[in-house]
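Colleague: In this text, residue positions in the sequence shown follow the numbering used here: the first is 1, and each later residue adds one.
To start, I am sharing the structure in question, which I have written as structure tokens.
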Amino acid sequence: MTVRINNEQVNREIDTIRGIYRKQTFWKYHIVKISPHEFYMTTNPDSRHLYIRHAPSYFVKLEIPQDDSKQSQVDKGFRLVFRQVGNETYKPIVIEKLNKKDGGGWNVQCQYNEHVNGLKVDNIEGRNLKEMIAKFSAVNDTNYGEDFTMIKGYQFGNGLHVCGLRERRKNLFSRGKIDGVKLAKANSVYFIDTVLFKSMKWYDPVIAVFRPCNRNMKNKIAKSMLGMNSMKAKKYKLNVDFGRMNLKKGDGHGGREEEEGDDDDDDGDDEDDDEDDDDYADDDEVDDEISGTGGDGGYENKDQKIYEARDGLIHRHPKDDSPNDYKVGWLTIYEKGRYFEKVAQGGNWQMVLGLTFAIGFEKMIDKYLKELEESGTSEDLSFRFSRKVSACKVVNTSQIQDLDDLKRFPIVVFFISSYGDGEPCDDGIRFIQMLKDEKKLHIKYSLFGCGNSLYDDYQGAAHQFKKLMDGLGGDLVGDVGYSDEAFNGVVDDFETIWASN
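Have a look at this one:
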């Protein structure tokens with residue numbers, strides 16, 4: 001039954017929203033980093049995604065094995081544990097990458113639980129749920145149809161593949177759309193079932209695709225903003241406000257992220273970036289993507305924009321991606337008839353969701369852990385502090401484009417790491433330079449320095465920061481806190497001495 005309200009404008013809005021929701025043929029997860037070793041997966045990260053298909057949200061914990069060898073983390077292995085938000089009854093989905101000496105494949109362990117029910121994804125009621133254990137083995141690169149090669153892939157049985165795809169080209173100028181659709185960005189991962197879905201078009205057997213968030217592209221954007229004036233730079237902010245994401249309820253409603261745009265550009269790892277010209281927008285198009293007023297990207301009322309979902313593969317440049325420095329990537333799961341139905345021997349949803357993200361994350365884990373080594377100490381403490389203080393917003397200094405924005409907060413707490421000869425880590429260098437270029441900055445602030453007394457200049461970055469703030473007129477609240485990583489005292493110094501005060 002359709003209910004009509006005696007207001008034509010409201011009815012038009014309802015019809016538009018209903019149309020947006022019903023024509024979406026997939027679920028798209030936004031994978032957000034909420035601490036160095038924990039992620040949050042949600043289909044509805046903020047109120048602009050309110051009318052996009054819902055599916056259960058998950059907390060994902062990254063577990064690293066104890067291994068002091070010099071192998072890459074890909075070879076050492078790791079584990080991802082997915083816990084459904086708001087449902088402690090169900091056992092977690094566990095996806096484990098095996099050590100290279102054990103074959104280097106994947107073990108999948110989960111219950112037959114989540115299933116598609118109409119436009120929703122529901123849980124099977126009851127506690128007597130069967131468990132599924134599957135092993136995906138590494139396979140050599142193999143042909144996929146006439147146009148593609150499955151690369152760096154894993155296989156279960158004869159028909160399930162989780163892999164990258166690379167176009168086989170006969171010459172430099174043949175790259176383009178095949179069956180009307182290009183491959184997703186470089187380093188994307190595809191879950192493909194070639195048994196149940198015979199390929200009429202190359203993307204028909206694709207059950208899911210993981211697209212990594214392009215950090216390099218955002219760094220380029222941040223650098224280009226240094227030459228902009230303050231007003232224009234504010235349009236391009238790449239922030240995420242965790243205070244507006246309701247993690248306890250398993251959704252992200254109740255707030256609005258400040259940034260818009262897409263992250264569907266190749267990240268520089270693809271040798272053919274220069275050929276993909278139509279994946280890049282010119283300056284005017286970028287401005288439209290960020291400050292757009294609806295159209296293909298969604299519907300905008302007088303209060304805020306409501307997104308229309310785009311999958312990132314068949315429909316390129318999704319405005320609803322809303323990229324930011326804390327987003328790991330996006331996982332799209334396609335509606336495939338009865339593939340995710342409620343059956344006794346199901347389990348497809350858990351396997352597709354968990355394994356596609358896990359193998360996508362495998363491609364970036366060594367780079368990810370290297371970044372944690374450079375800036376992870378101060379970042380980890382900032383997240384710990386945010387859990388102690390309500391209404392606390394965590395922002396990496398690389399995101400700050402205008403120091404005047406700091407004046408909006410009653411107090412700003414800085415966590416600064418020192419390396420080598422007392423230098424700040426990579427993401428703090430630009431911020432220090434911004435302070436040097438500033439004349440006055442009247443804010444209340446607290447400071448916690450992370451350092452290692454084995455370095456030549458212990459806590460050099462924190463000392464430099466405090467000296468700059470003193471010169472700018474900053475008002476220090478409390479004592480400066482210091483921790484010494486040489487004696488593994490970072491967390492203890494923070495928890496027992498500084499944060500408690």
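All residues carry an ideal CB built from backbone N, CA and C; glycine is no exception.
#1: Note down, in chain order, each residue of its chain lying with its Cβ closer than 7 Å to the Cβ of K466, except the 5 sequence neighbours on either side.
#2: Would you report the Cα separation of L183 and W202, rounded to the nearest angstrom?
#3: Excluding five sequence neighbours on each side, which residues of the same chain lie with their C-beta closer than 7 Å to the C-beta of G329?
#4: Pull up the CB-CB distance for G164 and K152, whole angstroms please, since I reckon it's below 8 Å.
#5: Who are the near neighbours of K91 in its chain, counting only those whose CB is closer than 6 Å to its CB and skipping five residues on each side?
#6: Could you pull out every residue in the same chain whose Cβ sits closer than 7 Å to the Cβ of V352, ignoring the five residues on either side in sequence?
#7: How long is the line joining the alpha carbons of L468 and I34, rounded to whole angstroms?
#8: Any idea if S69 is buried or exposed, counting beta-carbon neighbours within 10 angstroms, 16 or more meaning buried?
#9: Of the residues F78, F39 and D46, which one's Cα is nearest the Cα of D366?
#10: Taking the Cβ atom as the reference point for each residue, do V94 and F357 lie within a distance shorter than 9 Å?
#11: Name the residue from T42, V10, T25 and K23 whose alpha carbon lies nearest to the alpha carbon of D321.
#12: Flag this pair as yes or no: are the beta carbons of M150 and Q350 separated by less than 9 Å?
#13: What's the C-alpha gap between K439 and D405?
#14: Going by beta-carbon coordinates alone, are L355 and L403 separated by less than 9 Å?
#15: 9 Å is my cut-off, CB to CB: does D68 come that close to chain D?
#16: In terms of DSSP beta bridges, what is F361 paired with?
#17: Return the residue from the list N7, L369 and S483 that minimises the CA-CA distance to E63.
#18: Just tell me which of F415, L472, K198 and C425 has its CA closest to the CA of K436.
#19: So if DSSP puts G508 in a beta bridge, which residue, or which two residues, is it bridged to?
#20: Flag this pair as yes or no: are the beta carbons of V195 and G145 separated by less than 9 Å?
#21: Considering only DSSP beta bridges, list what A462 is partnered with.
#22: Could you please give the first and the last residue of the uninterrupted alpha helix (DSSP H) stretch that includes D75?
#23: Starting from A186, trace the beta strand (DSSP E) in both directions and tell me its first and last residue.
#24: Can you tell me the Cβ-Cβ gap for K135 and G105, rounded? I've got them flagged as a contact below 8 Å.
#25: Leaving aside the five residues before and after Y51 along the sequence, list all residues of the same chain whose C-beta is less than 7 Å from its C-beta, in chain order.
#26: Here's the rule: buried if 16 or more other CB atoms are within 10 angstroms of the residue's CB, otherwise exposed. What is Q66?
#27: List the DSSP bridge partners of A208.
#28: For N44, does the count of other Cβ atoms within 10 angstroms reach 16, so buried, or fall short, so exposed?
Modeller: Result, derived from the coordinates:
#1: In the sequence shown, the residue the question calls residue 466 occupies position 466. These residues qualify, in order along the chain: L447 and V480.
#2: Locating residue 183 in the sequence shown gives position 183, counting from the first residue. Locating residue 202 in the sequence shown gives position 202, counting from the first residue. Distance between the alpha carbons of L183 and W202 is about 10 Å.
#3: Numbered from its first residue, the sequence shown carries residue 329 at position 329. Excluding residues within five positions, the ones whose Cβ falls inside 7 Å are I31, F210, R211, P212, C213 and G360.
#4: In the sequence shown, the residue the question calls residue 164 occupies position 164. In the sequence shown, the residue the question calls residue 152 occupies position 152. 5 Å between Cβ atoms; contact.
#5: Reading the sequence shown from its first residue, position 91 is the one you call residue 91. Q111.
#6: Residue numbering aside, residue 352 sits at position 352 when the sequence shown is read from its first letter. Hits under 7 Å: F191, I207, A208 and I333.
#7: As a working mapping, residue 468 is identified with position 468 in the sequence shown. As a working mapping, residue 34 is identified with position 34 in the sequence shown. L468 and I34: Cα-Cα distance of roughly 30 Å.
#8: Locating residue 69 in the sequence shown gives position 69, counting from the first residue. That one is exposed.
#9: On the sequence shown, residue 366 is found 366 positions in, with the first residue counted as 1. Closest in alpha carbon position to D366, among F78, F39 and D46, is F78.
#10: The residue given as residue 94 occupies position 94 in the sequence shown. The residue given as residue 357 occupies position 357 in the sequence shown. No, the pair does not count as a contact, with Cβ atoms beyond the cut-off.
#11: Here residue 321 refers to the residue found at position 321 of the sequence shown. Scanning T42, V10, T25 and K23 for the CA closest to the CA of D321 turns up T42.
#12: The residue labelled residue 150 in the question sits at position 150 within the sequence shown. The residue labelled residue 350 in the question sits at position 350 within the sequence shown. No. Outside cutoff.
#13: What you label residue 439 is simply residue 439 of the sequence shown in a count that begins at 1. What you label residue 405 is simply residue 405 of the sequence shown in a count that begins at 1. Those two C-alpha atoms are separated by around 15 Å.
#14: Within the sequence shown, numbered from 1, the residue matching residue 355 stands at position 355. Within the sequence shown, numbered from 1, the residue matching residue 403 stands at position 403. No, the pair does not count as a contact, with Cβ atoms beyond the cut-off.
#15: The structure shown contains no chain D; it is built from a single protein chain.
#16: The residue labelled residue 361 in the question sits at position 361 within the sequence shown. Looking at the DSSP assignment, F361 forms no beta bridge with any residue, so it has no partner.
#17: For the purposes of this step, residue 63 is identified with residue 63 of the sequence shown, where counting begins at 1. Checking every option, the nearest Cα to that of E63 belongs to L369.
#18: On the sequence shown, residue 436 is found 436 positions in, with the first residue counted as 1. It is L472 whose Cα lies nearest to the Cα of K436.
#19: Outside the displayed range of the chain (1 to 501) lies residue 508, so it cannot be described from this structure.
#20: Translated into positions along the sequence shown, residue 195 becomes position 195. Translated into positions along the sequence shown, residue 145 becomes position 145. No, they are not a contact pair.
#21: Stepping through the sequence shown from its first residue, residue 462 is reached at position 462. According to DSSP, which records beta bridges pairwise, A462 is partnered with nothing at all.
#22: The residue you call residue 75 lines up with position 75 of the sequence shown. Where D75 is concerned, the enclosing alpha helix (DSSP H) stretches over Q73 to K76.
#23: In the sequence shown, the residue the question calls residue 186 occupies position 186. Element bounds for A186: n/a, residue is neither H nor E.
#24: Residue numbering aside, residue 135 sits at position 135 when the sequence shown is read from its first letter. Residue numbering aside, residue 105 sits at position 105 when the sequence shown is read from its first letter. Taking C-beta atoms under 8 Å as the contact rule, K135 and G105 qualify, at a distance of about 6 Å.
#25: Walking along the sequence shown from the start, residue 51 turns up at place 51. These residues qualify, in order along the chain: I17, I20, Y21 and I306.
#26: Counting from one through the sequence shown, the residue named residue 66 turns up at place 66. Counting Cβ neighbours within 10 Å, Q66 comes out exposed, since fewer than 16 surround it.
#27: Residue 208 sits at position 208 when you count from the first residue of the sequence shown. DSSP lists F191 and I333 as partners of A208.
#28: Working through the sequence shown from its first residue, we reach residue 44 at position 44. Per the 10 Å Cβ criterion, buried.
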